[in-house]
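Which chain is which? The protein sequence lines are A and B, in order. Okay, so the first sequence: first residue is 75 according to the numbering used here, each after it adds one. Okay, so the second sequence: first residue is 941 according to the numbering used here, each after it adds one. Notes follow once the structure below has been shown.
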Amino acid sequence: MNKQTGNPINIMATGLIVMVLLSLVLFCGRFFCNTHLIYNMPLDSSRVILSTSGLIPGEPAPKRVVEEEFIRYGHVIDQNEPNFRYSMVRVYIEKYNVLFSAIGALQDITAEMAPCHDVNERVCYWSYENSGDLCFDKRTGLIIRRYKLSDPNNKSLFVDYFAGPNGISNTATPSLGRFYDPILIGSYSTDFYDKKTHCFYAIDFDKREVNKGPQLLQGDGREPIANQGGGGLWWLYGVYNEVLSISWSEPEIFHAEKDKWEPRRGFLPGEKEDYGFNEGDWTRTYIPVLDKTGRIHIYNTKEQSLTQCGYLPAPHSLFESEQQNEIANPRNVLGYIFCPVTAIRRLPADTNKLPPRFDVKYLGVCVACVSREGTAMAVAVFDPNGKLIYRGDTQTNMVTSTSSGMVSTASAVYSKSPIATTTLFLLENLQPPVFEITSYLCGDCIEASAGHRALFILPNSFVGMLGRYNGTKFDKELFLPLLMGPSLILSIWLAFRVRKDAKILGLSGTAKKWWTVGTIAFGLPAYITYRLTRPKETLVTCQNCGSMRRPDMEICHRCGSKWEVPELTPPNWRICD
Amino acid sequence: MFTLIIREIEDNRIFFIAAAILAVIFSASFIYEQFYGIEGDEHVTVPAVTISFGIMIAIPLTVAFCGMGASQMYWDKTKKISALLATLAVTRRHIFIARVIAGFLLVLIGFIPIAEAIIMIFSKVGMPFPSIRGWLSFEVMIPSLLLGFACYCVGLQAGWTSNRVTPTLVALGLSVILIPVILIKGFGWEIYAVLVLLIAACLIRAWYKFSTAAL
Chain A
75 MNKQTGNPIN
85 IMATGLIVMV
95 LLSLVLFCGR
105 FFCNTHLIYN
115 MPLDSSRVIL
125 STSGLIPGEP
135 APKRVVEEEF
145 IRYGHVIDQN
155 EPNFRYSMVR
165 VYIEKYNVLF
175 SAIGALQDIT
185 AEMAPCHDVN
195 ERVCYWSYEN
205 SGDLCFDKRT
215 GLIIRRYKLS
225 DPNNKSLFVD
235 YFAGPNGISN
245 TATPSLGRFY
255 DPILIGSYST
265 DFYDKKTHCF
275 YAIDFDKREV
285 NKGPQLLQGD
295 GREPIANQGG
305 GGLWWLYGVY
315 NEVLSISWSE
325 PEIFHAEKDK
335 WEPRRGFLPG
345 EKEDYGFNEG
355 DWTRTYIPVL
365 DKTGRIHIYN
375 TKEQSLTQCG
385 YLPAPHSLFE
395 SEQQNEIANP
405 RNVLGYIFCP
415 VTAIRRLPAD
425 TNKLPPRFDV
435 KYLGVCVACV
445 SREGTAMAVA
455 VFDPNGKLIY
465 RGDTQTNMVT
475 STSSGMVSTA
485 SAVYSKSPIA
495 TTTLFLLENL
505 QPPVFEITSY
515 LCGDCIEASA
525 GHRALFILPN
535 SFVGMLGRYN
545 GTKFDKELFL
555 PLLMGPSLIL
565 SIWLAFRVRK
575 DAKILGLSGT
585 AKKWWTVGTI
595 AFGLPAYITY
605 RLTRPKETLV
615 TCQNCGSMRR
625 PDMEICHRCG
635 SKWEVPELTP
645 PNWRICD
Chain B
941 MFTLIIREIE
951 DNRIFFIAAA
961 ILAVIFSASF
971 IYEQFYGIEG
981 DEHVTVPAVT
991 ISFGIMIAIP
1001 LTVAFCGMGA
1011 SQMYWDKTKK
1021 ISALLATLAV
1031 TRRHIFIARV
1041 IAGFLLVLIG
1051 FIPIAEAIIM
1061 IFSKVGMPFP
1071 SIRGWLSFEV
1081 MIPSLLLGFA
1091 CYCVGLQAGW
1101 TSNRVTPTLV
1111 ALGLSVILIP
1121 VILIKGFGWE
1131 IYAVLVLLIA
1141 ACLIRAWYKF
1151 STAAL
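Here it is, written out as structure tokens:
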């Protein structure tokens, strides 16, 4: 019998099975609670609307729409200016997509679609049905642009152009050089940053030019990480997986005679010609890029310069009240989005044959971030010099017995649904205490989106949120036992039960010690494991002490007495024929 | 060993036939839907229908796999099959390995027609991005196959009892609990880690139970 050697392995195997299955059940419970909490919030708590963005010269400072929007002629306008509308910013948390963060299969499928990697080691950046696609061939190190041509027979013909650091050709030749690890910057653009050579490249396939941009030093904090809005595939497949949506609308004026709103052009300081105002920059002169510290830079493709223009504003959390200038780390926010604003004027063409030229001015950028838990959003507006001109957070009106007022949605989301919050708290406390402590200590090491799919270490739990609390250490240590209290009490009670049962069963001192420590550390899963793996022998009454004892042990584990075997003395009588 | 595997298959032929029929029916209806039943942009509908279809077939198939594991252990315990075989020139280890191989074959029989159908459809439709085809046929299929096998292994846990109702209910419950793991963790390395560890743990526990039980 290999019971002695096999038992610890069997216990660990059983423990693992119990842990995985219990974690799945608890995950489903937490998911339903979070769904209820997020959907219970009113609509106005998941959006920030600025009646004026403050980015157009001559406009007042950014102002938030707090009350109901005033709509006239189909447009949201200021009540004091019935025929005129300032530029507006609208940012929304997409509640569905916050919840979809917890569904890893969906995340993986959408991530696989944009950008995608094919069997020939090609990274597809974007693909248009009518104009072909753009991809990077890892094998040759060249960027390939495919043009779709139409012939009179309505058959599609494709022409490939290959771009390397040294130029563009219609054949892949070594003289073009090679890119190593390029990332696309800007949506639908052909501007790249090579992470290995730390160099920016602007590729113009129409002019057959590759322009080398600024080269960063190794370790330069401005190194871009994000491909903001890159790739149209998300839209193509209808799986737009951003947790935030942002829109900037240009200033408009109502023409009563035409009975319609029209964009309002305007003059910039020192300019004699008027400009049109745009969300983004379709001329690809100014491209916003994000670095890993959360700072946003504007990459000027004409001047080949990189200038800081803003940063990701840190959103509120349950135990955190972020300061105005605090920068959010891209890994620690569930989503971020930014929208540069530009003024564009078409310049008079020299001749009819030359392509049109444009004068582009950068006016500033609107940035939004959603918190790790998906419950709060921060919005910031930066002027062209990168100076913060507005900072706001999602808020909702809370009325209590003592007071009423606007509070951050990060805390209001839990106050609005006490039953769901309590259930969520209790479910989190069914997790093993050792995982709760790990969530407290290093929950923020897990990327924000992955935190929603976590089974064991829960960075978005109450304890995990406390771990990221930026207050005093004393406050953190004061709250920790309160938040972990139910879990600790349950574990200690279960450990007590295990110890008591182990004593009755006559387990050895070492086994009792390990089971007690294990149950305190792993809580409910350890207790279930104990119940599944404990010896199944039926106990019998000890004739010496009267307690229950194991029939498979030579001595009673309570009193140490041996089995009392009646002496077999032969009878005095005999059977005779 | 080969004879033992054949014997396991014969004893549980109902599961093999059911899995094959299920797989063929689902594959045929899937192919029909993809070619004749869907309107609109095929590049949009194919991935969407594939995912919905995958979720739809996951439940009956995983329950079948779990049921097979539970059935093998239940009939062994009640009919004393291992006790009879142990009188011949086979060990418990041989019996257990043959049983697990038969279970794995069942999982393959359930998956291969469906995997083939998906690959065939993606080849016919000609997705704009070849990666999706390769990804769906490999990176999605392997975790799904592991999930099916994990369900079978969980079934082995549930079956070692004399009670007829317990293994049925426990196998059903555990497989339903286990299915969401692939939805939650997706198709990355984490799902491989979780499922491989779970399979290993289930096999160790099943072997421990089987090897220490009185025949």
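Glycine residues also receive a C-beta, built at the ideal position from the N, C-alpha and C atoms. These numbers come from a predicted model, not from an experiment.
Taking all protein chains in view, the Cβ of W1129(B) is surrounded by fewer than 16 other Cβ atoms within 10 Å, so the residue is classified as exposed. A contact between stretches requires three or more CB pairs, one per stretch, nearer than 8 angstroms, and the segment 448 to 464 of chain A meets this requirement with the segment 383 to 391 of chain A. Per DSSP, the continuous beta strand (DSSP E) segment holding R465(A) begins and ends at L462 to D467. Residue K610(A) holds the alpha-carbon nearest to the alpha-carbon of D575(A) among E283(A), I493(A), F105(A) and K610(A). Under the 8 angstroms criterion on CB atoms, F1127(B) is classed as interfacial with respect to chain A. Listed in chain order, the non-local C-beta contacts of G178(A) below 7 angstroms within the same chain comprise R527, local neighbours out to five positions each way being set aside.
For Q181(A), the C-beta contacts it makes with chain B under 7 angstroms involve G1126, in order along the chain. Taking each of F955(B), I954(B) and S969(B) in turn and checking the Cα distance to I997(B), the smallest one comes out for S969(B).
If you look at I946(B), you'll find it in the alpha helix (DSSP H) that goes F942 to D951. Nearest in C-alpha terms to V572(A), of all of L554(A), A600(A), L562(A) and L556(A), is A600(A). Scanning N503(A), W356(A), P298(A) and M472(A) for the CA closest to the CA of P404(A) turns up P298(A). Rounded to whole angstroms, the gap between the alpha carbons of D278(A) and I242(A) is 9 angstroms.
When secondary structure is reduced to three states using DSSP, W1015(B) falls in the helix class.
Among the residues of the segment 1097 to 1108 of chain B, those with a Cβ less than 9 angstroms away from any Cβ of chain A are Q1097, in the order of the chain.
Taken through DSSP and simplified to helix, strand or coil, T603(A) comes out as helix.
Residues of the segment 1126 to 1145 of chain B with a Cβ closer than 7 angstroms to any Cβ of chain A, in chain order: G1126, F1127, G1128, V1134, L1137, L1138, A1141, C1142, I1144 and R1145.
Per the coordinates, the alpha-carbon of A1090(B) lies some 5 angstroms from the alpha-carbon of I1139(B). The beta carbon of I1049(B) does not come within 8 angstroms of any beta carbon belonging to chain A, so the residue lies off that interface. Taking C-beta separations shorter than 8 angstroms and ignoring five residues to either side along the sequence, the partners of F210(A) in its chain run R196, V197, Y199, L216, I217, I218, F253 and P256, following chain order. Distance from the CA atom of A486(A) to the CA atom of V317(A), rounded to whole angstroms, is 19 angstroms. Taking each of F1044(B), I1035(B), L1024(B) and A1133(B) in turn and checking the Cα distance to C1006(B), the smallest one comes out for F1044(B). N618(A) and L564(A) have their C-alpha atoms spaced approximately 36 angstroms apart. Taking 8 angstroms as the cut-off, the Cβ atoms of L1025(B) and I1035(B) count as close.
Under the three-state reduction of DSSP, R1039(B) is assigned to helix. I520(A) and K636(A) have their C-alpha atoms spaced approximately 57 angstroms apart. In the three-state DSSP reduction, S243(A) falls in the strand class (E or B).
In the three-state reduction of the DSSP assignment, L364(A) falls in the strand class, which pools E and B. In this structure, the straight-line span from the alpha carbon of T468(A) to that of R296(A) is close to 29 angstroms. Among the residues of chain A, those whose CB is under 7 angstroms from the CB of L1114(B) are L95, following chain order.
Nearest in C-alpha terms to Y1092(B), of all of L962(B), S1011(B), I965(B) and S967(B), is S1011(B). Of all alpha-carbon atoms in T590(A), L90(A) and S323(A), the one lying nearest the alpha-carbon of A1133(B) is that of L90(A). A direct Cα-Cα distance of roughly 11 angstroms separates Q1097(B) from T1106(B).
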